[in-house]
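Chains A and B, in that order, give the protein sequences.
Residues in the first sequence are numbered consecutively from 1, following this note's numbering.
Residues in the second sequence are numbered consecutively from 1001, following this note's numbering.
Here a beta-carbon is modelled for each residue, glycine too, at the ideal position from N, C-alpha and C.
I have placed the structure first, in the form of structure tokens, so that the comments after it can refer back to it.
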Amino acid sequence: DIQMTQSPSTLSASVGDRVTITCRASQSISKWLAWYQQIPGKAPKLLIYQASTLESGVPPRFSGSGSGTEFTLTISSLRPLDAAVYFCQQYNTNSLLTFGGGTKVEI
Amino acid sequence: QLQLQESGPGLVEPSETLSLTCTVSGGSVTTKSYFWVWIRQSPGKGLEWIGTASYGKSNNYNPSVKDRVTIFIDTSKNQFSLSLRFVTVADTAMYYCARGNSGASGVFFNSWGQGTLVTVS
């Protein structure tokens, strides 16, 4: 199984801050990583796939980078509506798709 | 625009079968490039992939539930369904249906239903 580990688990920042969330895979997943945002009470929403490709309609203040085992999600200038839990997900193999434990971003 | 809507009982007794349906609108379940997925989230916990189906292809299931789960595509109703047998309290969760796109050998999820809470009690 490929384990996905996110850090930090909780992050407190201010409006306008640059925020970075890290996701590490237990083995190489090349570029097959997605990031999701989950606002409380809502379903997750795809932000980024293939490690760095922005989903249509997602604001450009969100960006992703990395390959292999280490990935980052960056919010360049934090806004109040970015308060949410962010999850990474590996899709290197179809036999077991796995998510990270989540990072809660508090404003 | 694709929309997904889960439906089914909100309460299931232990040892019974959990059955949910996802109705797809704005797209077809027979589109071979798409995958139809069930994901769950236990209260206050993370996300767990349950399984994936795609029209004309073999299904894939999470090994943790593989012996108890079936995902079925109903082309006549443009729906797909989840059947999870012999449920326990550990199966209590918010259940989401989603549509997946493929990359490499796996799938990421670009459209989600709003979710439906299922309690096993």
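Assuming the contact rule is C-beta atoms closer than 8 Å, residue i and residue j should be a hit. Round their C-beta distance to whole Å, please.
i, j, result
"R1099 (chain B)", "L1004 (chain B)", "7 Å"
"W1036 (chain B)", "F1080 (chain B)", "4 Å"
"I2 (chain A)", "T103 (chain A)", "Not confirmed; about 18 Å, so no contact."
"T1092 (chain B)", "S1042 (chain B)", "7 Å"
Less than 8 Å separating the beta-carbons of residue i and residue j?
i, j, result
"Y86 (chain A)", "F1108 (chain B)", "no"
"K31 (chain A)", "Q37 (chain A)", "no"
"A84 (chain A)", "V58 (chain A)", "no"
"A34 (chain A)", "W1112 (chain B)", "no"
"K1032 (chain B)", "Y1055 (chain B)", "yes"
"L47 (chain A)", "F71 (chain A)", "no"
"F99 (chain A)", "G1026 (chain B)", "no"
"S1007 (chain B)", "T1017 (chain B)", "no"
"Y1095 (chain B)", "L1002 (chain B)", "no"
"E55 (chain A)", "N1110 (chain B)", "yes"
According to DSSP, is residue i part of a helix, a strand, or is it coil?
i, result
"D1074 (chain B)", "strand"
"A25 (chain A)", "strand"
"L81 (chain A)", "helix"
"A13 (chain A)", "coil"
"A51 (chain A)", "coil"
"V1089 (chain B)", "helix"
"G66 (chain A)", "strand"
"Y1034 (chain B)", "coil"
"Q1114 (chain B)", "coil"
Per the DSSP calculation, residue i is bridged to which residue(s)?
i, result
"Y1055 (chain B)", "The partner list for Y1055 (chain B) (beta bridge, DSSP) is empty, contrary to what the question assumes."
"Y86 (chain A)", "A:Q37 and A:T103"
"W32 (chain A)", "W32 (chain A) pairs with nothing; no bridge assigned."
"I75 (chain A)", "A:V19 and A:F62"
With hydrogens ignored, establish whether the beta-carbon of residue i is closer than 7 Å to any heavy atom of the ligand FMN.
i, result
"S1076 (chain B)", "The ligand FMN is not part of this structure, which contains no ligands at all."
Using 8 Å as the cut-off, can you tell me whether the segment 68-85 of chain A makes contact with the segment 12-21 of chain A, which would need three or more C-beta pairs spanning the two stretches below that distance? yes
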